[in-house]
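Participant: Right, I'll just put the structure down here and ask away after.
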Amino acid sequence: MRHLKKIIVFLLFSFGTVSARAQVLQEWGLGFAGIYNFTAQTFGADFRAHLILNNRFTVAPQLQYYPAINRFHDFYAGASLHFNFTPSYAWGVYALAHASYHDWINYAESTNPKAQQNNWNAEPGLGIIRNYGCLRPFAEARYNVKWNEGNLRVGLTFFFGDCGGQHEVCPAYTLNQ
């Protein structure tokens with residue numbers, strides 16, 4: 003629990019720093035996703051913010067929870083950095099690097115010799131997201147390096163201030179919309 007408090011303070015500090023420098027953000031949104039872990043065969047939920055720094059980079063702080071109905075009862079708090087390969091298209095394809103604190107709540111029930119309550123994880127992955135509009139569906143495929151687990155996330159993000167009228171684009175810089 004002590005580590006969880008440190009993570010929450012870190013995330014609040016990070017949000018505060020980003021909010022204080024809001025002029026750096028082009029757009030921001032809040033979202034959620036359903037998660038399926040293929041290896042553990044468990045379901046979870048993902049709650050996140052998307053903080054778009056420019057047309058290529060997005061920071062996505064996230065909270066993830068796998069409820070006790072699963073074999074593994076987990077909580078994660080972390081952030082991803084996204085690099086959008088196709089910012090001028092209708093759909094953005096991005097690579098991501100994610101780091102998180104992992105609280106494995108029922109670790110004592112595991113026979114895994116690496117099992118402990120407090121862990122740090124790294125997850126590389128790929129994703130796709132709608133590049134404009136106030137409702138932006140997304141999907142991500144990730145691989146947890148520590149636990150050798152693949153997972154899929156499918157969700158929706160609501161972007162504030164991007165809901166009015168048509169999305170204006172310049173034809174010289176926009177392809178295939």
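Everything in the sequence shown is counted per my numbering, starting at 3 for the first residue and increasing by one.
We put the CB at the ideal spot given by N, CA and C, even for glycine.
The structure presented is a predicted model; accordingly, all values stated were derived computationally and were not measured.
When the Cα of Tyr91 is compared with those of Gly135, Leu65, Leu55 and Val156, which residue comes out closest?
Facilitator: The residue with the shortest Cα to Cα distance from Tyr91 is Gly135.
Participant: Helix, strand or coil: which one does DSSP assign to Gly135?
Facilitator: Coil, per DSSP.
Participant: Compare the C-alpha of Asn86 against each of Phe59, Asn121 and Gly33 and name the closest.
Facilitator: For Asn86, the nearest C-alpha among the options comes from Phe59.
Participant: Should Arg23 go down as buried or exposed, given a rule of 16 or more other Cβ atoms within 10 Å for buried?
Facilitator: In this prediction, Arg23 has a pLDDT of 49, which is less than 50 and means its spatial position is unreliable; what the coordinates show is noted afterwards. It counts as exposed.
Participant: Leaving out five residues on either side along the sequence, give the residues of the same chain with a beta carbon under 8 Å from the beta carbon of Ala70.
Facilitator: Cβ neighbours of Ala70 beyond the five flanking positions: Ile107 and Asn108.
Participant: Is Phe77 near the ligand GDP, going by C-beta to nearest heavy atom under 7 Å?
Facilitator: Here there are no bound small molecules, and the ligand GDP is not part of this structure.
Participant: Since Leu27 and Leu55 are thought to touch, with beta carbons under 8 Å apart, how far apart are those beta carbons, to the nearest angstrom?
Facilitator: Contact flag correct, Cβ pair sits at about 7 Å.
Participant: For Val180, which of Arg50, Trp30 and Ala42 has the nearest alpha-carbon?
Facilitator: Outside the shown range of the chain (3 to 179) lies residue 180, about which nothing can therefore be said.
Participant: Excluding the 5 residues preceding and the 5 following Arg73 in the sequence, name in chain order all residues of the same chain whose CB lies nearer than 8 Å to its CB.
Facilitator: So the qualifying residues of the chain are Ala42, Gln43 and Thr44.
Participant: Mind checking which residues open and close the beta strand (DSSP E) that includes Ser102?
Facilitator: Taken as a continuous stretch (DSSP letters only), the beta strand (DSSP E) holding Ser102 covers Trp93 to Trp106.
Participant: By Cβ distance, which residues of its chain are closer than 6 Å to Phe40, with the 5 residues on each side in sequence left out?
Facilitator: Counting only Cβ-Cβ distances below 6 Å, and skipping sequence neighbours, we find Gly152.
Participant: Please report the straight-line C-alpha distance between Asn133 and Phe161, rounded to a whole angstrom.
Facilitator: Asn133 and Phe161: Cα-Cα distance of roughly 11 Å.
Participant: Per DSSP, what kind of secondary structure is Ala117 in: helix, strand or coil?
Facilitator: The answer is coil: DSSP assigns Ala117 none of H, G, I, E or B.
Participant: For Ala70, does the three-state DSSP call read helix, strand or coil?
Facilitator: Of the three classes helix, strand and coil, the one that applies to Ala70 here is coil, per DSSP.
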